[in-house]
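Each remark here refers to the structure printed beneath this line.
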Amino acid sequence: MQPSITKQSIAKQSTVILELTVRNHPGVMSHICGLFARRAFNVEGILCLPLPEGDQSRIWLQVGDDQRLEQMVSQVDKLEDVVQIIRHADDPGIFNRLTAFVQ
20 MQPSITKQSI AKQSTVILEL TVRNHPGVMS HICGLFARRA FNVEGILCLP
70 LPEGDQSRIW LQVGDDQRLE QMVSQVDKLE DVVQIIRHAD DPGIFNRLTA
120 FVQ
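Now the structure itself:
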């Protein structure tokens with residue numbers, strides 16, 4: 020049974036940036052986001068850009084830092100198309116700059 024998640028617990032939760040290097044082809048983003056969705060793990064922000072070579076992309080995910088995160092990182096790392104995953108501390112700088120740009 021999954022732990023109860025309330026709006027208050029989400030508001031107090033710190034965030035982490037996961038930086039993924041993935042193989043660039045249709046369906047990769049769907050596989051990654053689907054993994055988070057099936058486990059009711061909220062993704063606060065997503066940024067995806069192709070790398071210059073074109074065969075790989077870099078995905079940044081801003082996610083809540085809760086007790087399930089380590090297991091999620093492990094499961095994402097097992098996906099066939101994930102080449103590398105790096106966990107960055109609470110540094111949502113890129114998402115803050117993008118939010119300011121869009122608003």
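In terms of the working numbering, the sequence shown opens at residue 20 and continues consecutively.
Ideal Cβ placement from N, Cα and C applies to all residues, glycine included.
These numbers come from a predicted model, not from an experiment.
Residue burial is scored here from C-beta neighbours: Leu68 has fewer than 16 other C-beta atoms within 10 angstroms and is therefore classed as exposed.
DSSP, reduced to helix, strand and coil, places Leu54 within a helical segment of the structure shown. In its chain, beyond the 5 residues on either side, Gln75, Arg77, Val102 and Gln103 have a beta carbon closer than 7 Å to the beta carbon of Thr40. The beta-carbon separation of Leu66 and Ile113, rounded to 6 Å, stays under the 8 Å limit for a contact. With a cutoff of 9 Å on beta-carbon distance, Asp100 and Val62 are scored as not near each other. For the options Leu70, Gly73, Pro71 and Gly64, the alpha carbon positioned closest to that of Val82 is the one of Gly64. In this chain, Glu63 is not harboured by any alpha helix (DSSP H); it is covered by the beta strand (DSSP E) spanning Val62 to Pro69. Distance check between Ile51 and each of Ser33, Thr34, Val95 and Leu70 places Val95 closest, using alpha-carbon atoms only. Look at Arg116 here: in three-state DSSP terms it is helix.
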